[in-house]
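Colleague: In this note's numbering, the protein residues as written are 1091 to 1220.
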Amino acid sequence: RMSFETGPHSIIITGSLHFTESDAVRTLTINVDEPTDNSENIQKISVNMIKRYTPKAKHAIKQMKDIIIQENSPSLNKGSIEVLDNAECYVDDAERFLRQGKHELAVLSIGYAEGLIDALRFQKGINPWS
């Protein structure tokens, strides 16, 4: 038989507790504090990615639109503006998916937006990221 002597003792669980497990901890032990899930305070990598990439993508789209509009060739630039409009939609989708907790879809959407921006960057020979 193992003896842990007198307390205080803590239980550290490296994952989320099911509500029945939280109830068991409350019932079977003397608690100074309520059991807490501090993993809720940790921001996921995907959330950090979207928060970092979204402003950059929006800035790049605006920069590219400004440059393309200055070229002053509406017939040649129509397709490029449509591609940038699609990139903008993907950025909006990424933000919406993030709010909905669909982190994988958010990362995919921002990746699509950046892919469209890069495709135009190579085609037009301009760098909107600076």
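Glycine included, every Cβ here is placed at the ideal spot set by N, Cα and C.
Got a sec? Which residues, its chain only, sit under 6 Å from isoleucine 1216 by beta carbon, not counting five neighbours each side?
Modeller: Here the set comprises Ile1157.
Colleague: Are serine 1136 and glutamate 1194 closer than 8 Å when you measure CB to CB?
Modeller: Yes, they are a contact pair.
Colleague: Grab the span of the alpha helix (DSSP H) containing leucine 1198 for me, first residue to last.
Modeller: Per DSSP, leucine 1198 belongs to the alpha helix (DSSP H) from 1193-1214.
Colleague: Helix, strand or coil for asparagine 1092? Go by DSSP, reduced to three states.
Modeller: Checking the displayed sequence, the identity of residue 1092 turns out to be methionine instead of asparagine. It is coil, neither helix nor strand.
Colleague: Beta carbon of threonine 1119, beta carbon of alanine 1184: below 8 Å?
Modeller: The answer is no: Cβ separation not under 8 Å.
Colleague: Whose C-beta lies closer than 7 Å to the C-beta of glutamate 1161 among residues of the same chain, with five residues either side of it excluded?
Modeller: Hits under 7 Å: Asn1167.
Colleague: Would you kindly check if the distance between the Cβ of valine 1173 and the Cβ of leucine 1198 is under 8 Å?
Modeller: The answer is no: Cβ separation not under 8 Å.
Colleague: Count the other CB atoms within 10 Å of the CB of valine 1122; is the residue buried (16 or more) or exposed (fewer)?
Modeller: So valine 1122 counts as exposed.
Colleague: Enumerate in chain order the residues of its own chain whose CB-to-CB distance from aspartate 1113 is below 7 Å, with the five nearest sequence positions on each side excluded.
Modeller: So the list is empty, once near-sequence residues are dropped.
Colleague: Let me confirm a value: serine 1170 is counted as buried when at least 16 other C-beta atoms fall within 10 Å, else exposed. Which label applies?
Modeller: Counting Cβ neighbours within 10 Å, serine 1170 comes out buried, since at least 16 surround it.
Colleague: Taking CB distances under 8 Å as the criterion, tell me whether glutamate 1194 reaches chain D.
Modeller: Note that chain D does not occur in the displayed structure, where there is just one protein chain.
Colleague: Could you spell out where the alpha helix (DSSP H) holding serine 1112 opens and where it closes?
Modeller: Start and end: 1109-1118.
Colleague: For valine 1115 versus lysine 1148, is the C-beta spacing smaller than 8 Å?
Modeller: Going by C-beta atoms, valine 1115 is not nearer than 8 Å to lysine 1148.
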